Structures are given as structure tokens and as C-alpha cells.
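Numbering (full-length UniProt numbering), first residue to last: 1 to 366.
Have a look at the structure below, then the notes.
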């Protein structure tokens, strides 16, 4: 016994200063991880899911705007090149659409189009893109031209166009001024492809929340599978405007039907058997506008209702509701992710519904 105890003591004495420091650091890390785990258990954990371009990352940014301090100047400036890239993408799509539909520009507008195209060709670092003031003015003239306005007003649902194209082009002069700093609305409207995992923790009505925005659902599954532990709520985002859109990588598949299949897989996943399911029918404003020129029946042959907003919306709601089993609490809301007030109201309502249902299930609420 004594020898054993002595041996242990000698081994401890032989630890180098570096080894002792590393051992102390390891214990500190273990304590921090244990605290993080405990904190996680005390948080209401939300997993934010949806297909590409559904608007889920916009909703994630809205949580920062609504429940944290938004974006300081240095944080906002990180979005400058992304916003400028979105502006370039939007006008490129519009210029190409004019060409595809045979819409001609007058001579002065065509000169500005040529200047814009020349600027694009000279770009060497798209990631650090900053549009010069003179090119911003040039882009504004192209956007304001009768030919471009006619293309946008009469053809915008017939070609791939950035959802926030009008917002960015209406503001292009301001967005390309010297010393421009992105506003909250500029940041909310920009499109960014989510890769990996983004997390945000915040407090809402005296409750602690942790929201996890997952990107790369197929290629990065092994990296984000641990996000499924102890999930309280699945917040699934569907783009309502996708009802008549085909997958750009495979034109055989309707994008909303793809979203439905993914939603069905998630709902039936055993990892989520205790999670509440909240469905945001996003881009609802675009959906209502598109129905005027693109009837739902063209894309969903099983739909036999009229082309009214209410009938079309109810059909899509029922489509997704069919996936839900009795074990899930399920709530549906129409949303416009770029509308901060709308997201504040809807998110608060969703959480209130779930909390009340949980209290009722526990016999603590009448």
C-alpha cells in the first residue's frame, strides 16, 4: 500500500511544468464543457432547417436583430461585399433576361449595360467586391430604364431572380456610396449560402434559447448530427414561392415537392420524436403575387381548388400536415422573413403555443 502510494506520489512529482500546465488546462476545459452541457439542458433548443434559398438564414439573422444587439459597425461592414455581390447578381440576371426575352434597350442604356459588363469582366476577387460609385450610378440608370422596368414587371416570375433584387436595385445608389455602412435591413435582405453550423443563444420572455442554423444538409451530415441531441423544436422553413420552381440542378424535380420530402423524413426521424414541429410558410408575399400569373394547378395536378390565395394556401398546409403523427405538437405560420415585425410576432406566437401545450401536457395549465 505504502509503496503504491509512494509510487503515485513520485510520478506526480516528475510532471514537468508544461505537463502540469496542460493537466490544469485540461481540467479547466472539462469544467467548461460540463458547464456548457448543463447550460444546454436549461435552454430551449431550436433546430432551424429547410432547403436552399428558403429564407431560413434570414430568419436566423432576424433573431440576432430582435433578441441581441443587432450588428455593430464592424460586424455590419463584413456584409458589404456580400451585399455588393447580391447587387451584381441581381442586375446580371435582369440583363440576361432582357436578352433572352428579346427586350431591347435604347442606345444610352445599352452603353451603361456595356460598362456594367466591362466592370464584371475585370473583377478578380469577387469575395472582396466593392462596387465603385460610378458603376453604382451606371447600374441605377440601367435599372431605372423603361426596358428594364418592363422586363421586371412583366417577366420577373419567368426566370431565376434574386428575391431581394428590387430592394437592392432600388437602393443601389445608397449601397455604393463612399463610406457606406450596411443597415439592418440591408443585412436582412442579403442572400448567403449557409455552410456548416451557426448557433445563436438569446433570451426571450425570460426563457433562454439556443437556435442552430444548419447548412449543407447532405454533404455535412456527419458534422451536424450531434445538433439533434435534446432538440425541443424543429423550425422548418418552406419557400411558398417554390411551388412552381424546378430544381436548378435537376429539372425533373419540383422544389416544393423536394422540400416536402425532406420535411417528411425529418418528422419521421426517431431523434425528433419528442420535438415540437413548427412550419414557417415563408415568402408568403411572393406566393400571393405569383398566383396571379402561375396557377397552383399547373404544378400540383392533385389540386382541384380555385386559384384564390386561401384555397391554394390551405392545400399546401394540408400537404405538409399529412406528414405529422400524433406524437408531435404541430404549428403552422405564414411568414415573410425580411419583415422584422412579422418574424417577431410569429416567433413569439410559436413559442407561446409550444410552452402552453407543454404546460397543459404536464397538467400545469388548464
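Even glycine gets a Cβ: it sits at the ideal position worked out from N, Cα and C.
Quick caveat, the model's predicted, so the values are computed rather than measured.
query                                                                                                                                                                          : result
Where does residue 253 land, buried or exposed, given buried means 16+ other C-beta within 10 angstroms?                                                                       : exposed
When burial is assigned at 16 or more other CB atoms within 10 Å of the CB, is residue 101 buried or exposed?                                                                  : exposed
Verify whether the separation of the beta carbon atoms of residue 239 and residue 290 is less than 7 Å.                                                                        : no
Is it buried or exposed for residue 122, if we count other Cβ within 10 angstroms and need 16 for buried?                                                                      : exposed
Do the stretch 182 to 199 and the stretch 76 to 87 touch if we need at least three Cβ pairs shorter than 8 Å?                                                                  : yes
How would you label residue 259, buried or exposed, when you count the other beta carbons within 10 angstroms and need 16 or more for buried?                                  : buried
Closest by CA to residue 286, which one among 166, 125 and 108?                                                                                                                : 166
So, residue 95 versus residue 109, is the Cβ gap smaller than 7 Å?                                                                                                             : no
Give me the Cβ distance between residue 330 and residue 324, rounded to the nearest whole Å; I'm assuming they're in contact under 8 Å.                                        : 5 Å
Helix, strand or coil for residue 203, going by three-state DSSP, please let me know.                                                                                          : strand
To the nearest angstrom, how far is it from the Cα of residue 118 to the Cα of residue 215?                                                                                    : 34 Å
Using only the alpha-carbon positions, how far apart do residue 49 and residue 213 sit?                                                                                        : 7 Å
Count the other CB atoms within 10 Å of the CB of residue 352; is the residue buried (16 or more) or exposed (fewer)?                                                          : exposed
Counting beta carbon pairs with one atom in the stretch 315 to 322 and one in the stretch 269 to 276, are three or more of them shorter than 8 Å?                              : no
Buried or exposed: residue 56, going by 16 or more other Cβ atoms within 10 Å of its Cβ?                                                                                       : buried
My parser needs the beta strand (DSSP E) runs of 3 or more residues fully inside the stretch 332 to 361; what are they?                                                        : none
Within the same chain, show all residues whose beta-carbon is closer than 8 Å to that of residue 37, passing over the 5 residues directly before and after it, in chain order. : Caution applies to residue 37, whose pLDDT of 49 falls short of 50 and renders its modelled position unreliable; the value that the coordinates give is listed next. Once the five neighbours on either side are set aside, residue 37 has no close Cβ partner at all.
Residue 355 to residue 348, Cα distance in whole Å?                                                                                                                            : 11 Å
Spatial neighbours of residue 317 within its chain, please: C-beta separation below 6 Å, excluding the five flanking residues on both sides.                                   : 332
Going by other Cβ atoms of all chains shown within 10 Å of its Cβ, with 16 needed for buried, is residue 206 buried or exposed?                                                : exposed
Give the secondary structure of residue 208 by DSSP, where H, G and I count as helix, E and B as strand, and everything else as coil.                                          : strand
Which term fits residue 105, buried or exposed, when burial requires 16 or more other beta carbons within 10 angstroms of its beta carbon?                                     : buried
Keeping to the same chain, check which residues put their C-beta closer than 8 Å to that of residue 199; ignore five residues upstream and five downstream.                    : 210, 211, 212 and 213
To the nearest angstrom, report how far apart residue 334 and residue 139 are at their CA atoms.                                                                               : 34 Å
Mind checking which residues open and close the alpha helix (DSSP H) that includes residue 172?                                                                                : 172 to 175
In this structure, how does DSSP classify residue 67 when only helix, strand and coil are distinguished?                                                                       : helix
Name the DSSP beta bridge partners of residue 44, please?                                                                                                                      : 209
What residue range is occupied by the uninterrupted alpha helix (DSSP H) comprising residue 256?                                                                               : 255 to 267
Look up residue 86 in the DSSP assignment and say whether it is helix, strand or coil.                                                                                         : helix
Just how far apart, CA to CA, sit residue 350 and residue 45?                                                                                                                  : 14 Å
Kindly indicate which three-state DSSP category residue 247 falls into: helix, strand or coil?                                                                                 : strand
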